[in-house]
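Peer 1: Residue numbers (our numbering): 12 to 344.
Glycine residues also receive a C-beta, built at the ideal position from the N, C-alpha and C atoms.
Got a structure here, written out as structure tokens. Questions coming.
In structure tokens form, the structure reads like this:
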């Protein structure tokens, strides 16, 4: 990228007055305007003239440009002099625009004759980046907004705690103040005993703040992964406990793995029917008033897949010949 000599582009001296700059621009605009000009390179020339006038007719831009040109001439800025008197390989030095405010341009103040998009990379590298940076610096000091998202875990993780990987997407401003979609991966620690609908707060993981203020917080609403093995009602948990017909009828001691990873021995009372609930006190969700864990019995029928199993079922059928399981339906034996 070359350093552009805007005074040469308009054909005026560096000491030219604002009126002289304006007259030079009007003269060149009549010469190179694409609607009237017969010049072969009229359009390119007109863009150069517009760009030069955009800088030199604005007192703030002109003062900044002159100061930068002095730094280039003295070798204080990156770039080397070319044969045409310009500067090749030019890079604007950091902080070159300190003390200048270009915010009036294109906002009802001294707007120029064309949009920034019509200007060169040289112009954009100076005034486009500077205006975006200044706009960011003028943003009010403000804490970042909070974010809200849902997180789904299974019941065992909810009860005993654990870690969960969460992918987040949000619109944030880049260094130039432009919005961009940002993806983040967070390792979320699930506290033991967090219930569905409760919020997990991650301090400082929300949207970034402005003006040096801190970021907002991220609030995660816990949801449970659907699972046919259990259901949650407030602080209580109900899970199904399969038992055999003999265990239900005669009673038994059975080992039961619980959702929180524990294993307990439970007494199944004799004569238990499907749907009966056994309570394990305060084995549900923790809290000021801890919930309970209910074991809901359901029959699991052994398969008649061997001679011994079939013989046992036949013996049971003979022993319970007087039992009519459909009597409640009004059926006769």
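Compute the distance between the beta-carbons of residue 40 and residue 68, then report whether it is under 8 Å.
Peer 2: For the purposes of this step, residue 40 is taken as the residue at position 29 of the chain shown. For the purposes of this step, residue 68 is taken as the residue at position 57 of the chain shown. No, the Cβ-Cβ distance between residue 40 and residue 68 is not below 8 Å.
Peer 1: Return the bridge partner residues of residue 153 from the DSSP annotation.
Peer 2: In the chain shown, counting from the first residue as 1, residue 153 sits at position 142. Residue 153 pairs with 221.
Peer 1: Note down, in chain order, each residue of its chain lying with its Cβ closer than 7 Å to the Cβ of residue 195, except the 5 sequence neighbours on either side.
Peer 2: Start at 1 with the first residue of the chain shown, and residue 195 comes out as number 184. The residues are 179.
Peer 1: Between 293, 313 and 312, which has its C-alpha nearest residue 304's C-alpha?
Peer 2: The residue given as residue 304 occupies position 293 in the chain shown. Residue 304 has its Cα closest to that of 293, out of 293, 313 and 312.
Peer 1: Can you tell which of 259, 309, 248 and 272 has its C-alpha closest to the C-alpha of residue 302?
Peer 2: Counting from one through the chain shown, the residue named residue 302 turns up at place 291. When each option's Cα is compared against that of residue 302, the closest is 248.
Peer 1: For residue 26, which three-state DSSP category applies?
Peer 2: In the chain shown, counting from the first residue as 1, residue 26 sits at position 15. Coil, per DSSP.
Peer 1: Quick check: the Cα distance between residue 81 and residue 73, rounded to an integer number of angstroms?
Peer 2: On the chain shown, residue 81 is found 70 positions in, with the first residue counted as 1. On the chain shown, residue 73 is found 62 positions in, with the first residue counted as 1. In a straight line, the C-alpha of residue 81 is about 12 Å away from that of residue 73.
Peer 1: Does DSSP put residue 312 in a helix, a strand or coil?
Peer 2: The residue you call residue 312 lines up with position 301 of the chain shown. Three-state DSSP puts residue 312 in coil, outside helix and strand.
Peer 1: Please determine, among 192, 265, 20 and 232, the residue with the shortest C-alpha to C-alpha distance to residue 211.
Peer 2: Against the chain shown, residue 211 aligns to sequence position 200. Closest option to residue 211, Cα to Cα, is 232.
Peer 1: So is residue 11 buried or exposed if we call it buried at 16+ other beta carbons inside 10 Å?
Peer 2: In this structure the chain extends from 12 to 344, so residue 11 is not present and cannot be described.
Peer 1: Check for me: the alpha helix (DSSP H) holding residue 228 runs from which residue to which?
Peer 2: Numbered from its first residue, the chain shown carries residue 228 at position 217. No alpha helix (DSSP H) holds residue 228; DSSP gives it neither H nor E.
Peer 1: For my contact list, residue 288 and residue 307 are in at a C-beta cut-off of 8 Å; report their separation, rounded to the angstrom.
Peer 2: Indexing the chain shown from 1 puts residue 288 at position 277. Indexing the chain shown from 1 puts residue 307 at position 296. Residue 288 to residue 307, Cβ: 5 Å. Contact.
Peer 1: In whole angstroms, what is the alpha-carbon distance linking residue 16 and residue 51?
Peer 2: To locate residue 16, count along the chain shown from 1; it is residue 5. To locate residue 51, count along the chain shown from 1; it is residue 40. Straight-line Cα distance between these residues: approximately 22 Å.
Peer 1: Residue 253 by DSSP, collapsed to three states: which one?
Peer 2: Reading the chain shown from its first residue, position 242 is the one you call residue 253. If DSSP states are grouped into helix, strand and coil, residue 253 belongs with the strands.
Peer 1: Determine whether the beta carbon atoms of residue 250 and residue 240 lie at a separation below 8 Å.
Peer 2: In the chain shown, counting from the first residue as 1, residue 250 sits at position 239. In the chain shown, counting from the first residue as 1, residue 240 sits at position 229. Yes, the Cβ-Cβ distance between residue 250 and residue 240 is below 8 Å.
Peer 1: Just the Cα atoms here: how many angstroms apart are residue 71 and residue 45?
Peer 2: Counted from its first residue, the chain shown places residue 71 at position 60. Counted from its first residue, the chain shown places residue 45 at position 34. Looking at the two C-alpha atoms, the distance is approximately 29 Å.
Peer 1: Apart from the five residues on each side of it in sequence, which residues of its chain come closer than 8 Å, Cβ to Cβ, to residue 311?
Peer 2: By 1-based counting over the chain shown, the position of residue 311 is 300. Counting only Cβ-Cβ distances below 8 Å, and skipping sequence neighbours, we find 253, 254 and 255.
Peer 1: Residue 135 and residue 103 - do their beta-carbons sit closer together than 8 Å?
Peer 2: Stepping through the chain shown from its first residue, residue 103 is reached at position 92. Stepping through the chain shown from its first residue, residue 135 is reached at position 124. No; because the gap between Cβ atoms is not below 8 Å, this pair is not in contact.
Peer 1: Count the C-beta pairs between the region 331-341 and the region 273-292 that are closer than 8 Å, then say yes if the count reaches three, no if not.
Peer 2: Touching, no, given that fewer than three Cβ pairs across the two stretches are closer than 8 Å.
Peer 1: Please determine, among 214, 208 and 274, the residue with the shortest C-alpha to C-alpha distance to residue 4.
Peer 2: The question about residue 4 has no answer, for the chain in this structure spans 12 to 344.
Peer 1: At what residues does the beta strand (DSSP E) containing residue 47 begin and finish?
Peer 2: For the purposes of this step, residue 47 is identified with residue 36 of the chain shown, where counting begins at 1. Careful: residue 47 lies outside any beta strand (DSSP E) and carries neither H nor E.
Peer 1: Whole angstroms is fine: what's the gap from residue 236's alpha carbon to residue 297's?
Peer 2: In the chain shown, residue 236 corresponds to position 225, counting from 1. In the chain shown, residue 297 corresponds to position 286, counting from 1. Distance between the alpha carbons of residue 236 and residue 297: 19 Å.
Peer 1: From residue 189 to residue 174, what distance separates their C-alpha atoms?
Peer 2: Residue numbering aside, residue 189 sits at position 178 when the chain shown is read from its first letter. Residue numbering aside, residue 174 sits at position 163 when the chain shown is read from its first letter. Approximately 34 Å between the Cα atoms of the pair.
Peer 1: Residue 331: which of 260, 132, 309 and 79 sits nearest, CA to CA?
Peer 2: Numbered from 1 along the chain shown, position 320 holds the residue referred to as residue 331. It is 260 whose Cα lies nearest to the Cα of residue 331.
Peer 1: Per DSSP, which one or two residues make a beta bridge with residue 54?
Peer 2: As a first step, residue 54 must be located in the chain shown, where it is residue number 43. Note: residue 54 sits in no beta bridge, so no partner.
Peer 1: Leaving out the 5 sequence neighbours to the left and right, which residues in its chain are closer than 7 Å to residue 154 when beta-carbon positions are compared?
Peer 2: On the chain shown, residue 154 is found 143 positions in, with the first residue counted as 1. Only 220, 224, 225 and 227 meet the Cβ criterion.
Peer 1: How would you label residue 334, buried or exposed, when you count the other beta carbons within 10 angstroms and need 16 or more for buried?
Peer 2: What you label residue 334 is simply residue 323 of the chain shown in a count that begins at 1. Residue 334 comes out exposed.
Peer 1: Could you tell me whether the Cβ atoms of residue 268 and residue 276 are closer together than 8 Å?
Peer 2: Indexing the chain shown from 1 puts residue 268 at position 257. Indexing the chain shown from 1 puts residue 276 at position 265. Not in contact: residue 268 and residue 276 (Cβ atoms no closer than 8 Å).
Peer 1: Beta-carbon of residue 259 versus every beta-carbon of chain D: anything under 8 Å?
Peer 2: Of the protein chains in the structure, only one exists, and it is not chain D.
Peer 1: What separation, rounded to the nearest whole angstrom, lies between the Cα atoms of residue 22 and residue 131?
Peer 2: Position 11 of the chain shown holds residue 22. Position 120 of the chain shown holds residue 131. Straight-line Cα distance between these residues: approximately 19 Å.
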